[in-house]
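The numbering of the sequence shown is numbering that gives the first Met the number 0, which starts it at 0 and goes up by one.
A virtual CB, placed ideally from N, CA and C, is assigned to each residue, including glycine.
For reference, the structure discussed in these notes is given below.
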Amino acid sequence: MRDLAGELDISRATLHRWVGSRDQLLGEILWSLTEAVLDARSRHAHGRGAAGIADVVGAFARTVNESAPFRDFLRREPERALRILTTKASLVQSRTIVKVSALLEAEIAADRLDPPLPVPDLAYLLVRIGESFIYTDIITGGTPDAEKARAAAMALLG
0 MRDLAGELDI SRATLHRWVG SRDQLLGEIL WSLTEAVLDA RSRHAHGRGA AGIADVVGAF
60 ARTVNESAPF RDFLRREPER ALRILTTKAS LVQSRTIVKV SALLEAEIAA DRLDPPLPVP
120 DLAYLLVRIG ESFIYTDIIT GGTPDAEKAR AAAMALLG
């Protein structure tokens, strides 16, 4: 934050008033990137209905898993990253759930999806599935795997 304030030629106090804490700033930055990737993957989904939603989950996980700057951030600050990205206080997770809910609602409205659960619960689970296969290395020591995210989402959606 000190370096950013210096580069902007403002005081640290002004920067904190503008953006809040470092975690808040990182959360907003990560959300803007998340939203852009979700929007792009949604526009280019292969299929409709359950297959299309599962493809979005898998494609999102693949894009994130292949992002060298993101993987570097996770390696450098795993606890901070998980706190900013996956906890109940996370604006990234809550906004992603809203975004996935909208995708589900659109498929339901087009009569291409018969959801096995209420939309809020289904969206939450789909986001958690994606997170599970993005942060696998941090959570279990395994290898992140976007195809497993897609397959798990498809299994959930039927």
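In the DSSP assignment, D120 falls within the alpha helix (DSSP H) that extends over 118-133. When secondary structure is reduced to three states using DSSP, S20 falls in the coil class, being assigned neither helix nor strand.
Ranked by Cα distance from M153, the first of G129, T139, T135 is G129. The C-alpha of I28 lies about 10 Å from the C-alpha of E34.
Between G48 and R111, the C-beta gap is smaller than 9 Å, which places the two residues in contact.
The stretch 23-77 contains, as complete alpha helix (DSSP H) runs of 4+ residues, the segments 48-64, 67-75 (chain order). CA-CA distance, R79 to D54, rounds to 28 Å. In this structure, the alpha-carbon of P117 lies about 25 Å from that of V36.
Ranking F69, V97, I52 by CA distance to the CA of G157 puts I52 first. For S131, same chain residues with a beta-carbon under 8 Å away, outside a window of 5 residues either side, are I138, A148, A151 in chain order. If you draw a straight line from the Cα of R16 to the Cα of A50, it is about 44 Å long. Nearest in C-alpha terms to L124, of all of L155, R11, F59, is L155. Put simply, of P77, D113, S89 the residue whose alpha carbon is nearest the alpha carbon of G140 is P77. Taking the Cβ atoms as the reference, G26 lies roughly 18 Å from V99, outside the contact range of under 8 Å. Taking 9 Å as the cut-off, the beta carbon of I133 is found no closer than this to the beta carbon of P119. Buried is the label assigned to V56, since at least 16 other Cβ atoms lie within 10 Å of its Cβ.
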